[in-house]
Ligand code: 13P
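In our numbering, the protein residues as written are 1 to 257.
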């Protein structure tokens with residue numbers, strides 16, 4: 001982390017977990033142990049239907065409630081989709097875009113991810129754009145090229161003045177839900193590469209201020225080491241964010257200089 005230049009963000013991604021009543025129970029438990037967390041922003045991204053329940057449950061806390069996906073379309077005949085304007089109207093600020101599970105199971109291509117990011121920005125939301133390589137791609141030695149392409153495509157037509165609303169999350173696919181975390185060095189190396197791409201696109205000042213997260217089996221045991229890396233500005237956390245004690249430990253791990 002480098003708090004001098006950028007915000008630290010600890011973000012949970014609940015994926016397709018917890019009902020509305022389980023969300024309330026989680027919030028009630030978390031509230032009893034939640035640190036004031038002045039050192040970082042805290043966010044939980046929950047399934048669309050649970051957003052109002054989560055907002056109600058986390059009212060008067062520092063925990064923000066975000067979404068896990070958004071439509072690339074503004075409005076119209078897109079059955080089952082949810083627009084950026086709808087999320088904005090609910091009071092949502094952050095939305096995850098291009099998670100590898102969406103890329104894998106719903107064919108969210110780089111171009112669609114770009115459209116979703118633009119739709120989010122247009123509506124005044126802050127996209128958390130996910131990028132990451134598969135194990136095969138890492139073993140082929142093409143991680144850098146792949147990440148460069150994902151970042152460049154996702155940011156196409158995003159104006160420099162909107163970059164302060166953009167968060168990037170590096171999530172190596174081989175580390176998601178596998179218990180196999182990238183080493184702190186591997187995470188920092190790719191996050192640094194992402195910052196280099198942003199510097200080439202937008203200049204040093206923008207690059208220095210963009211929050212870049214790491215995600216992939218981050219938990220209460222390894223968060224401190226990952227967050228100690230200079231280019232890891234926070235975490236996007238799946239499994240461990242579903243457990244109040246673990247999420248609390250991770251938030252506390254962000255309290256370091
Ligand atoms: P896990 O923390 O469960 O590996 O999930 C990471 C992730 O996909 C967050 O978006």
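The C-beta atom is built at its ideal place from N, Cα and C for all residues, glycine as well.
If you're wondering where the values come from, they're calculated on a predicted model, not measured in any experiment.
Listed as beta-bridge partners of residue 43 by DSSP are 11, 64.
Between residue 171 and residue 241 a beta carbon distance of about 13 Å is seen, past the 8 Å cut, so the two are scored as non-contacting.
Following the DSSP letters along the chain, one finds residue 237 in no alpha helix (DSSP H) but inside the beta strand (DSSP E) bounded by residues 234-237. For residue 214 and residue 29, the gap between their C-alpha atoms comes out near 26 Å. With a threshold of 7 Å, the Cβ atom of residue 225 does not count as near ligand 1, since no heavy atom of the ligand is closer than that.
In the DSSP assignment, residue 202 falls within the unbroken alpha helix (DSSP H) covering 184-202. Taking 8 Å as the upper bound for CB-CB distance, residue 132 and residue 173 are in contact here, some 5 Å apart. Ranking 155, 152, 221 by CA distance to the CA of residue 184 puts 221 first.
Between residue 248 and residue 233, the CB-CB gap reaches or exceeds 8 Å. Rounded to whole angstroms, the Cβ separation of residue 34 and residue 61 is 6 Å, and the two are in contact under 8 Å. Secondary structure at residue 105: helix, using DSSP grouped into helix, strand and coil. Spanning the alpha carbons of residue 238 and residue 77 requires a straight line of approximately 32 Å. Apart from the 5 residues on each side of it in sequence, residue 6 sits with its Cβ closer than 6 Å to the Cβ of 209, 211, 233 in its chain, given in chain order. Under a 10 Å Cβ-count criterion, residue 160 is classified as exposed, with fewer than 16 other Cβ atoms of the shown protein chains found around its own Cβ. Under the criterion of beta carbons closer than 8 Å, residue 235 and residue 227 qualify as touching, at roughly 7 Å. The C-beta of residue 115 has 16 or more other C-beta atoms within 10 Å across all chains shown, which makes the residue buried. The DSSP-derived three-state label of residue 77 is coil. For residue 189, the closest C-alpha among the options 152, 144, 178 is that of 144. With a contact defined as Cβ atoms closer than 8 Å, residue 43 and residue 11 qualify at about 4 Å. Within its own chain, the residues whose Cβ lies closer than 7 Å to the Cβ of residue 178, once the five positions on either side in sequence are excluded, are 217, listed in chain order. Here DSSP, grouped into helix, strand and coil, assigns residue 52 to helix.
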